[in-house]
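A short worksheet on the structure shown next.
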Amino acid sequence: AITGLAATEHLGRDAFQEIDQNTLFLPVTKRVMTVPRPDRIPEFILEAFRIANAGRRGPVVVNIPRDLFNHDIEADIPQRVVTDIRPPAADAAALAEMRRLILAAKKPVLHAGAGIKWSRASSRLAALAEKLQIPVTSSAGHADILPMDFKFHAAGVGPRGNPVASTLMREADLIIALGTRLGFNTTFYKYTDISPAAKIIQVDIDPVALGRYFPVTLAVAADAGAVIDGLAALMQPMDADAAPWRARNEAYFDARAALWAEREASGARTQTPLHPDVIYAEVRKAAPRNAIFTLDAGTTGFQATDQLPCYEAPALLTPLDCGMVGFSYSAAIGAKVAAPHRAVISLMGDGGFGMTMGEMTTAVASNIPAVGIVMDNGTWGSEIAYQRDFYNERYIGAHVHSPRFDEVMKLTGGNGYHPTAAGETADALRDALKAGKPAIIHVKVDPQATISFRKDALKKRQPGS
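In the numbering used here, the protein residues as written are 405 to 869.
This is the structure:
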């Protein structure tokens, strides 16, 4: 990110709009740099790209004082920057120990995180899961790691996930954690959804992440994709009928099928206002396989994360540790610019969209045809759920009055839709995608269908809750 700064002669004098940007951005970035001279701007920009792509990828801020933009410079662009950094691979001894632990296990689980997507290793992970007959769970916000219809894909663990995946992790005797920190949004740093008796193999490109939250049997500082390749070359295929974990797999397949049957039944309801499950079911019917979805924080993020038809990773952008309410629609605009050949669909609540509604003009002015689905329940969903569950339904500041965002989008020059009955959201989404213009679908949803992010939230993650 390139950020402006007060002029160099004014720095440290409490100049107009001057703040300590280094202190502001440092906690949420890999590095914050300030360019001292105009001729060094190219050097700093290239260095920022190098740092952003080294190891665990992340954002870098380059502060440029405003007066530096006033100069014409002649500068050689340095060629030393490396943007294609080869990730570290696991050594042979680590791979051999992984193989030994897998063959000794009775209920192994592959648990995958963002490192799989950064490595573009989704298809290789699917091949490994099939080869070893081991189901795959995903960390929070990464249910797009494998195609939704891949039978070994159990999807998300924890409050943002589903009971089937969480049960796999709770009953596992070996967890092979690939490209994940096993962090807060997945585990709460507790053994609620991880068996305390399980051995853990943790693979992450960042050595600092290894064993940070849970004791591990084997820690491997390496790229998750490279480890998958090495393990696949070392392991023999497992016969589905002869695998030691065959009985566990059969129970898992049955539970997975039952979960999706319940979701489809919940999504077939017709009463109004519509339950959010109805919206997700209609999105599954209408969205193309190459769709990218963006979510917001709060109730939408809890409910939708692993209900969406994600098939081609990366296909899900959702706020986790630092992103909050208002993220989704802006992220959809960015995703559509980055991947113009893919359908991009934003899902968020009316409160969150109200925070970012000005971006409708950005989408229209720049002809960025992202589609936003605003699920209007007239509340701050998470806040009203907390007040319901913890404060005996004494509601303060929990309700939202929103305009018809579809009509506002029409005023800006885009398309707007206002489905009011079951089946109409799917029709609106198909029409919006076909039209190829920025669009907002504003649909009323049941204000009672909210959940709080509390320790027993997973118990409420059954379809229809």
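Idealized CB from N, CA, C, for every residue including glycine.
Being a predicted model, the structure only gives us computed values, none of them experimental.
{"query": "In the DSSP output, what is residue 541 paired with across the bridge?", "result": "515 and 559"}
{"query": "In the DSSP assignment, find the unbroken beta strand (DSSP E) run with residue 821 in it and report its ends.", "result": "819-821"}
{"query": "With respect to the beta strand (DSSP E) encompassing residue 834, which residues constitute its N-terminal and C-terminal limits?", "result": "Segment 828-839 is the alpha helix (DSSP H) holding residue 834; no beta strand (DSSP E) there."}
{"query": "Quick one: is residue 594 buried, meaning 16 or more other Cβ sit within 10 Å of its Cβ, or exposed?", "result": "exposed"}
{"query": "Please name the residue in 855, 544, 609 and 820 whose C-alpha comes closest to that of residue 458.", "result": "609"}
{"query": "Can you tell me which of 840, 407 and 830 puts its alpha carbon nearest to the alpha carbon of residue 745?", "result": "840"}
{"query": "Are there any heavy atoms of the ligand ATP lying less than 6 Å away from the beta-carbon of residue 838, as far as the coordinates show?", "result": "This structure lacks the ligand ATP; in fact it carries no ligand of any kind."}
{"query": "Under 8 Å Cβ to Cβ from residue 871, same chain only, skipping five residues before and after it: list those, please.", "result": "Outside the shown range of the chain, which is 405 to 869, sits residue 871, and nothing can be said about it."}
{"query": "Should the stretch 730-741 be regarded as contacting the stretch 762-778, the criterion being three or more beta carbon pairs within less than 8 Å?", "result": "yes"}
{"query": "With DSSP as the reference, please indicate the residues paired to residue 435 in a beta bridge.", "result": "464"}
{"query": "Note down the Cα distance separating residue 832 from residue 715, rounded to an integer number of angstroms.", "result": "22 Å"}
{"query": "Output the boundary residues of the beta strand (DSSP E) element that contains residue 697.", "result": "696-698"}
{"query": "What's the call for residue 415, buried or exposed, on a 16-neighbour Cβ count within 10 Å?", "result": "exposed"}
{"query": "On a CA-only basis, which of 526, 633, 626 and 463 is nearest residue 612? Give me that one, please.", "result": "626"}
{"query": "On the CB-based measure, 16 or more other CB atoms within 10 Å of its CB, does residue 824 come out buried or exposed?", "result": "exposed"}
{"query": "Quick one: is residue 640 near chain C, going by C-beta distance under 7 Å?", "result": "Annotation note: the requested chain C is absent from the structure, which comprises a single protein chain."}
{"query": "Please determine, among 619, 562, 492 and 573, the residue with the shortest C-alpha to C-alpha distance to residue 512.", "result": "573"}
{"query": "Pair every Cβ in the stretch 417-432 with every Cβ in the stretch 452-472, then say whether three or more of these pairs are closer than 8 Å.", "result": "yes"}
{"query": "To the nearest angstrom, how far is the alpha carbon of residue 542 from that of residue 684?", "result": "20 Å"}
{"query": "Round the Cβ separation of residue 700 and residue 730 to the nearest angstrom and send it over; I've been treating them as touching at under 8 Å.", "result": "7 Å"}
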